[in-house]
Amino acid sequence: MAKVSRRSRFNAPPQKAPGAIILILKGLVVSLVVSLICTFFLSLISLVSDSFFVEHYLSYLMVGITVTSIFIGSAYATQKAQSMGLIIGMAIGLLYVLISVGIGVKLSPEPLSWLVLANKFFAGLAAGALGGLVGVNL
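In structure tokens, the structure reads:
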């Protein structure tokens, strides 16, 4: 019986994908970097222009930046993993929300509502899951 080999055309051994925890951390770092870059540009736009639009819709823009950065980080990590997209994506979304809520609690004296907290967790999990599913198929 012939031995089945998974070697490529040039007789190189197949590359092993890094572990899921490493990919989750890499995706989290990508999400945080994308979020910081977008927030930096949004703050520059807010400082340069006296637009009522930016000030009035700032909370909506920040939600958009958060969801987009979670999506990009999840897609990046699951593209590297090529499996477990839903789990990796949701883990990245959950960790991102935990970090952002932790920073928000330290910086803001306002009490945190359970409804707002549940909404953030749901949005983070949904964006991470969607990014994970898209990243696996890229």
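To get our numbering, take the position in the sequence shown, counting from 1, and add 263.
Just so you know, even glycine gets a beta-carbon here, dropped at the ideal spot from N, CA and C.
Bear in mind the structure is a predicted one, so any value in this text is a computation, not a measurement.
Boundaries of the alpha helix (DSSP H) in which residue i is found, first to last residue
i	result
G327	L321 to A344
L307	A283 to V311
M347	Unbroken run through M347: none, as it is neither H nor E.
L388	W377 to V399
Other residues of its chain near residue i: CB distance less than 6 Å, five sequence neighbours each side excluded
i	result
V360	K383, F384 and G387
Nonlocal neighbours in the same chain, by C-beta distance under 8 Å from residue i, ignoring five residues either side
i	result
V364	L375, L380 and K383
Near the ligand FAD: residue i beta-carbon under 7 Å from a heavy atom
i	result
G327	Of ligands this structure carries none, so the ligand FAD is not represented either.
Assumed close pair residue i, residue j - CB separation to whole angstroms, cut-off 8 Å
i	j	result
I328	L358	No, I328 and L358 are not in contact; Cβ-Cβ is about 17 Å, not under 8 Å.
S346	V399	7 Å
I355	L291	5 Å
Would you check if there are 3 or more beta carbon pairs closer than 8 Å linking the region 333-350 to the region 388-395?
yes
How about the region 348-356 and the region 281-292: do they share at least three Cβ pairs that are nearer than 8 Å?
yes
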